[in-house]
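Numbered per my numbering, the first sequence spans residues 251 to 747.
See structure below.
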Amino acid sequence: MAKEEKRLPPLPNTDKYAQVVTRFSPNPDCVLHLGSARAIILSHEYARLNKGKFILRFEDTDPKVKKPVFDFYDRIRKDVNWLGCKIDEEYIQSDRLPIYYEYAERLLQNDNAYVCECPPEHFRKNTLARRPCDCRQLPVTENLERWKRMLEGGYAEGEAVVRIKTDLNHPNPAVRDWPALRVIDTEKRPHPRVGSKYRVWPLYNMAAGLDDHLIGITHIIRGKEHLTNMVRQEYMYKHLGWKYPEAIHYGRLKITGAFLSKSKIVQGIREGTYTGWADPRLATFAALRKRGITPHAIKKMIIDVGPKTADVTLSWKNLYAYNRKILDSESNRYFFVSEPIELKVKRVPRVFRVELPLHPEKPERGFREYTVTPEGGIATFRIAKKDAANAAVGKVIRLMELFNVKIKSVRADSVEASFAGESYEEVRKSKAQLIHWIVKGEEFPCEVVMPDASVNEGIAESACKKLKPDTVIQFERFGFVRINKNDAKLNAYYAHK
RNA sequence: GCUCCGGUAGUAUAUUCCGGUCAAGUAUAACGGCCUCUCGAGCCGUGGACCCGGGUUCGAAUCCCGGCCGGAGCACCA
C-alpha cells in the first residue's frame with residue numbers, strides 16, 4: 251500500500267514573509283539537463299508546499315562569454331513545464347538593463363561603488379595585498395563622470411568596470427570589491443534579444459542580487475557554488491539597506507556515466523558527435539523525455555535526495571528504478587523480436603487463437619489477438635536470436651501463452667521444433683524457458699534506439715501498428731520503450747529494463 | 001596556495017541542531033526464497049554503514065580539537 255512519501259524538510263523562516271517566492275534562473279546558453287533538476291524541482295516544490303510563487307528568470311546578461319541563444323529560451327520554458335513545474339511569473343534580465351543602471355548610479359552616488367580603470371592583473375595584485383587601487387578613492391563626481399563615459403561608449407571592452415565596495419580586509423580575496431558591471435562591444439557581439447542596444451552589462455552578482463530583492467524572492471535555492479556570491483551580494487544589500495533573502499545552497503549532483511556539462515554538450519553537438527539535444531546518450535531533459543523517462547520519476551528522485559549540502563552521486567540505475575515504478579503499472583505489454591530468427595514448428599494439431607493480455611495485472615485493459623494457422627502441420631514464427639542461441643536440441647521451451655515446443659535442430663538462421671503439448675503447468679514444473687514470439691504474417695518492422703545510440707533492429711507484433719507516438723510500452727523480456735515515430739516502421743527509444 | 005562547505009551500508013537518505021529510546025530507520029542495488037505464462041512487477045527474508053585519532057561526559061553518530069578524504073569558490077561567467 252501507499253508508503254509514506256518522503257517529504258522535504260521545512261523551509262526556514264517562512265513565517266517572516268507574507269508569501270514564499272522562489273525562482274529558477276538559468277542562462278539560456280544551452281538546453282536544460284538533469285544537473286538543473288535540483289534547482290527547478292526544489293524551488294518549485296517549496297513554492298507549492300508553502301502556497302507561494304515560482305518564478306522563472308532568464309539570466310542572459312553575458313552576450314560575450316556565455317552568450318544566450320534565442321532558441322533556448324523557449325526550450326527551457328518547455329522543459330520546466332514538462333517537469334510539472336508551473337511558472338507563475340517570468341522575467342528576462344536583458345529587459346531590465348535600465349533598472350540595473352539606476353541602481354548602479356545610486357551606488358556610485360552614495361560612494362558604495364566606483365568605476366575602476368585598472369587592468370585586471372593590476373587590481374588583483376592590489377586586492378590580494380588588501381590595498382585599494384587609485385580608483386577606489388576617487389570622488390563621487392569623478393565616478394559619475396566615468397560612469398557616464400561608460401554608458402556613452404567612451405570605454406572599450408575591458409577598459410572600465412564598476413566595482414562594489416566591500417571590505418578590503420575580508421579573509422576571502424574573492425569578495426573584495428567585486429565587479430558589478432562591465433563594457434561589452436555589442437556592435438561586434440549583439441545580444442540575441444536586445445541586439446546592440448546596450449554596451450554596459452551587469453555581472454551575475456549585480457543582476458541576480460538586485461533582482462532577487464526587486465522581484466521579491468524570499469527563498470533562494472541554488473547550488474553551493476554560489477555561497478561566496480551570497481557573501482559578495484550581502485555587501486550590496488547593506489549599501490542599499492536591504493535584507494538578504496533566505497538562502498539554501500545544496501550540493502552538487504552527479505550521475506555516474508553522464509556528463510552534466512553544458513559546454514561539453516554544446517561542443518559535442520557542434521562537432522556532430524551527437525545527433526541533437528535529444529541524443530539518447532545525453533542527460534538533457536529533451537533526451538530523457540524522448541526515452542520515456544517520466545518527469546514524475548525525476549521529481550521523486552530529487553525530492554528524495556533533498557536539499558543537503560553534501561554532494562550526491564546518483565546512477566542511471568537509481569533513476570531507472572524510480573521510473574520503472576511508474577511505468578510498470580501504466581505501460582501495456584507487447585512483443586518485440588530483436589534480430590529475428592525463423593522458428594518452424596511441426597505437427598501442430600490445430601488452429602490456435604490466442605489472447606495476449608495488454609497488462610498482466612490489469613485484464614480490463616484488453617488483449618491482443620493472434621491466430622496461428624498451421625500449413626501442412628507446420629506453423630512458422632519469428633523468435634529472437636538470443637533465445638534461439640539458448641535453444642538446445644531436445645530442450646522443451648514454451649511460446650508464451652501459446653504452446654510448448656521441443657527443439658529438433660538449431661542453425662544460424664533457423665530453428666526447427668515440434669509441437670510438445672499445450673500444458674502450461676507442465677513447463678512450469680519443469681521450469682522450461684518461456685519465450686516471446688511473433689507468428690508469420692503478423693510482423694511489423696521496428697527499430698529501437700538504445701541509450702548508447704546504437705539501433706536494435708527487429709520486428710514488433712502487428713498490434714503495435716496502431717500505437718501512437720509518445721506512448722510508453724513494455725516490450726516483454728526486453729524493456730520499456732517510448733514510441734517515437736510510427737509509420738511504415740516503428741521507431742522506439744529504449745528507456746530501461 | 002588562500003577562503004568556505006561537507007563526510008551514515010554499493011548508491012541515496014533519516015537520526016546530528018536540543019548527547020542516552022541507535023546492537024542506527026528507510027529506499028534502491030545485491031543475494032536467497034515465494035509468487036507470476038516477461039529476463040518486468042509483487043511478497044518474504046539475508047548480508048551491508050556512523051572517515052580516523054584524541055578530548056569532554058556516567059554515556060557521543062550526535063559536542064570540542066586535530067588529522068585524513070571529498071567538493072565548491074578564488075573570472076570584466078552564470
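We put the beta carbon where it would ideally sit given N, CA and C, even for glycine.
Just so it is clear, the structure is predicted and the values come from calculations on it, not from any experiment.
Could you check how far apart the C-beta atoms of residue i and residue j are, in whole angstroms? I think they sit under 8 Å.
i    : j    : result
W774 : L358 : With the chain covering only 251 through 747, there is no way to say anything about residue 774.
T311 : Q343 : 5 Å
I756 : R632 : Given that the chain is displayed from residue 251 to residue 747, the structure contains no residue 756 and the question cannot be resolved.
I685 : I647 : 6 Å
L652 : V622 : 7 Å
D663 : I591 : 6 Å
D427 : K415 : 6 Å
E707 : E589 : 7 Å
S579 : I505 : That pair is no contact at about 25 Å.
V412 : L388 : Contact flag wrong, Cβ pair sits at about 12 Å.
A560 : G501 : 5 Å
A547 : N573 : 4 Å
Y296 : L261 : 5 Å
L606 : R618 : 5 Å
M480 : A497 : 5 Å
Once the 5 residues before and after residue i are set aside, which same chain residues still bring their CB inside 7 Å of it?
i    : result
I213 : With the chain covering 251 to 747 only, the question about residue 213 has no answer from this structure.
P599 : F669
D529 : A537, A703
K658 : V643, E666, A667, S668
Y524 : G518, R531, L532
Note the first and the last residue of the continuous alpha helix (DSSP H) segment covering residue i.
i    : result
F535 : 535 to 541
L388 : Run containing L388: none; DSSP gives neither H nor E here.
F518 : Inspection of the sequence shows that residue 518 is occupied by Gly rather than by Phe. Run containing G518: 512 to 520, per the alpha helix (DSSP H) assignment.
L282 : It is not in any alpha helix (DSSP H) - L282 carries neither H nor E in the DSSP assignment.
L564 : Run containing L564: none in the alpha helix (DSSP H); it sits in the beta strand (DSSP E), 562 to 565.
T468 : Neither: T468 is in no alpha helix (DSSP H) and is coded neither H nor E.
F373 : 370 to 378
L347 : 347 to 359
Taking 7 Å as the cut-off, decide whether the C-beta atoms of residue i and residue j are in contact.
i    : j    : result
L282 : I337 : no
A642 : V595 : no
G459 : Q483 : yes
L503 : V425 : no
C335 : K512 : no
Among the options, which one has its Cα closest to the Cα of residue i?
i    : options                : result
G404 : V365, K658, R426       : V365
G492 : K716, G466, A287, R257 : For the record, residue 492 in the displayed sequence is Trp; it is not Gly. Residue G466 is the option with its Cα nearest to W492.
I410 : R386, V665, V699, S581 : Per the sequence shown, the amino acid found at residue 410 is Ala instead of Ile. Selected option, being the one with the closest Cα: R386.
E693 : K514, F586, I471, D461 : F586
T391 : F617, E339, D361       : D361
R597 : A629, K612, D461       : A629
D737 : I305, C714, L418       : C714
N376 : E675, E395, L510, L418 : L418
L299 : F322, R661, V271       : V271
E355 : L401, P495, T468, R381 : L401
K635 : F728, N582, F617       : F728
G603 : Y353, Y620, T544       : Note that residue 603 is Arg in the sequence shown here, rather than Gly. The shortest Cα separation from R603 among Y353, Y620, T544 belongs to Y620.
L510 : K558, G285, A424, M456 : G285
R539 : V660, V699, A745, A424 : A745
N393 : E367, G556, N640       : E367
R472 : E339, G556, K612       : G556
R273 : P369, N422, T468       : T468
Within a Cβ cutoff of 6 Å, which residues of the same chain sit near residue i, ignoring the five residues on either side of it in sequence?
i    : result
F320 : P442
K739 : P695
S309 : It is worth fixing the name first, because residue 309 is Glu in this sequence and not Ser. Excluding positions up to five away in sequence, the list reads S275, N277, Q343.
I733 : L717, P719, T721, A742
D554 : K256
N654 : V646, R648, A670, G671, V677
K463 : First, the amino acid is wrong: residue 463 is His here, not Lys. Answer for H463: W492, listed in chain order.
D329 : L282, F535
K601 : The identity of residue 601 in the sequence shown is Val, whereas the question assumes Lys. Cβ neighbours of V601 beyond the five flanking positions: T623.
D265 : none
Tell me the residue span of the beta strand (DSSP E) that contains residue i.
i    : result
F669 : 664 to 669
W451 : 450 to 452
Q483 : Note, Q483: premise wrong, no beta strand (DSSP E); alpha helix (DSSP H) at 477 to 490.
E693 : 693 to 699
I591 : 590 to 596
A710 : 705 to 711
V411 : 411 to 414
I498 : 496 to 500
I'd like the list of long-range same chain contacts for residue i, defined as Cβ closer than 8 Å, with 5 residues on each side in sequence excluded.
i    : result
A252 : Annotation note: pLDDT 31 at A252 (below 50); position unreliable, no value reported.
P775 : What is shown of the chain runs 251 to 747, which leaves residue 775 out entirely.
Y341 : I305, L306, R307, F308, D461, I465
I348 : According to the sequence provided, residue 348 is Pro. The question's Ile does not apply to it. Around P348: no qualifying Cβ.
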